[in-house]
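The sequence shown lines up with residues 719 to 984 when you count with my numbering.
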Amino acid sequence: MPDEQCNGATLYFEEQGEGTTIVLLPGVTTGIRFFVPQMANLSDDFQTIALDYRGHGRSEKTETGHTVPQYARDLRAFLDQRELDDVVLVGWSMGALVAWEYIDQFGTDGIRGLVVVDMSASPFQWDDFEHGNTDLDRLTETLELVQTNHLALVDGLIQQTFKKPPSEDVRRLVFDEVSRSPPPVKSAILFDYAMRDYRNVLPDIDVPTLVCAGADEKWRTVAAVEDVAGRIPNTEFELFEESGHVPTLEQPDEFNRAVGEFVDGL
719 MPDEQCNGAT
729 LYFEEQGEGT
739 TIVLLPGVTT
749 GIRFFVPQMA
759 NLSDDFQTIA
769 LDYRGHGRSE
779 KTETGHTVPQ
789 YARDLRAFLD
799 QRELDDVVLV
809 GWSMGALVAW
819 EYIDQFGTDG
829 IRGLVVVDMS
839 ASPFQWDDFE
849 HGNTDLDRLT
859 ETLELVQTNH
869 LALVDGLIQQ
879 TFKKPPSEDV
889 RRLVFDEVSR
899 SPPPVKSAIL
909 FDYAMRDYRN
919 VLPDIDVPTL
929 VCAGADEKWR
939 TVAAVEDVAG
949 RIPNTEFELF
959 EESGHVPTLE
969 QPDEFNRAVG
979 EFVDGL
């Protein structure tokens, strides 16, 4: 099993292909199986790596360290240990926060480009920020489901993330990936992730960026993702008409094309 020891945690990853390095970062409480189509196809032209955070997927289920800043430090350790440089970070949902946090902590040396997939500048609906998709009531409800009703949590996730009801194979994939994070890990990272706010970080990102959104977004609004594109200099915006929150699985061919063309143009 391919893994790396990063800051005391054994992190699982998969790697295929050669060329410019693309690092795929999954969403909160999910894992790298959400990138199966990218590992299969982007790897034809690029070195494609997908990484499970600590507590997620097939990585070690550590008791501590489940914050976005720690995941960014783990990413830095992973890139250093694999001697990876000039990489393109592709952050889906919370993966975008991990990428932004990485840039906030370590800058963009060694980062060739950035792809943001369906994320707002902050998940939280602050008084001065209309694009958040959660508040204290909704967050409390989610954290209660984490502890009491895993099936309802996964069903709600599927309903909110896909434009159309997914196939049974995709439902099984989602259930399996989300089930791999224990409830204490889910609770910790869901709360930490929800409170993060990167509005002050985005204007300082100085690498070319592709921002992607699903047109039939239920998780957050397209306007929330467009807001991100408006805050980051040197940004392209791509709308996936037949996707909700997961264009990596809903429109994999179109998503791979957009990412491939973006990376080729760097």
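Note that beta-carbon positions come from the ideal geometry of N, C-alpha and C, so glycine has one too.
For clarity, every value in this text was computed on a predicted model and none was experimentally measured.
Taking the alpha carbon of Arg830 as the reference point, which residue from Val808, Gln843, Asp822, Val816 has its own alpha carbon closest?
For this step, residue 830 is matched to residue 112 along the sequence shown. Across the set Val808, Gln843, Asp822, Val816, the C-alpha of Val808 shows the shortest separation from the C-alpha of Arg830.
Between Phe958 and Ala933, which are expected to be in contact by the criterion C-beta below 8 Å, what is the C-beta distance as a whole number of angstroms?
Looking up residue 958 in the sequence shown gives position 240. Looking up residue 933 in the sequence shown gives position 215. Confirmed, Cβ separation roughly 6 Å.
What separation, rounded to the nearest whole angstrom, lies between the Cα atoms of Thr728 and Glu722?
Numbered from 1 along the sequence shown, position 10 holds the residue referred to as residue 728. Numbered from 1 along the sequence shown, position 4 holds the residue referred to as residue 722. For Thr728 and Glu722, the distance between alpha carbons rounds to 6 Å.
Among His868, Phe731, Glu960, Thr953, whose alpha-carbon lies nearest the alpha-carbon of Gly983?
Within the sequence shown, the letter at position 265 stands for residue 983. When each option's Cα is compared against that of Gly983, the closest is Thr953.
Measuring alpha carbon to alpha carbon, tell me which of Glu859, Glu972, Leu815 ends up nearest Asp910.
Translated into the one-based positions of the sequence shown, residue 910 becomes position 192. Proximity to Asp910 across Glu859, Glu972, Leu815 peaks at Leu815, based on C-alpha coordinates.
I need the straight-line Cα distance from Asp990 to Arg776, nearest angstrom please.
There is no way to answer for residue 990, as the model of the chain reaches only from 719 to 984.
With 16 other CB atoms within 10 Å as the buried threshold, where does Glu956 fall?
For this step, residue 956 is matched to residue 238 along the sequence shown. Glu956 should be labelled buried.
Give a yes or no on whether the C-beta atoms belonging to Pro926 and Leu832 are separated by under 9 Å.
Position 208 of the sequence shown, counted from the start, is the residue given in the question as residue 926. Position 114 of the sequence shown, counted from the start, is the residue given in the question as residue 832. Result yes, Cβ atoms of Pro926 and Leu832 sit closer than 9 Å.
What span of residues does the alpha helix (DSSP H) with Thr852 cover, start to end?
Along the sequence shown, read from residue 1 onward, the residue named residue 852 stands at position 134. Neither: Thr852 is in no alpha helix (DSSP H) and is coded neither H nor E.
Just list the residues that DSSP pairs Leu743 with in beta bridges.
Taking the first residue of the sequence shown as 1, we reach residue 743 at position 25. Gly809.
Can you list, in chain order, the stretches of the beta strand (DSSP E) that have 3 or more residues and sit fully within the region 938-975?
953-958
Would you list, in sequence order, the uninterrupted alpha helix (DSSP H) runs of no fewer than 4 residues that lie entirely inside the region 870-931?
886-897, 901-912
Can you check the region 741-791 for any beta strand (DSSP E) of at least 3 residues that lies completely inside it and give the ranges in chain order?
765-769
Just to confirm my understanding: we take Leu863, look at its own chain, exclude 5 residues before and 5 after, and list those with CB closer than 8 Å. What are they?
Locating residue 863 in the sequence shown gives position 145, counting from the first residue. Cβ neighbours of Leu863 beyond the five flanking positions: Ala870, Leu871, Gly874.
Using CA coordinates, which residue listed in Leu908, Ile923, Gly850, Asp971 is at the minimum distance from Thr860?
Within the sequence shown, residue 860 is the residue found at index 142, counting from 1. Closest by alpha carbon: Leu908.
For Phe752 and Ser961, what's the separation of their Cα atoms in angstroms?
Locating residue 752 in the sequence shown gives position 34, where the first residue counts as 1. Locating residue 961 in the sequence shown gives position 243, where the first residue counts as 1. The straight-line gap from Cα to Cα measures roughly 14 Å.
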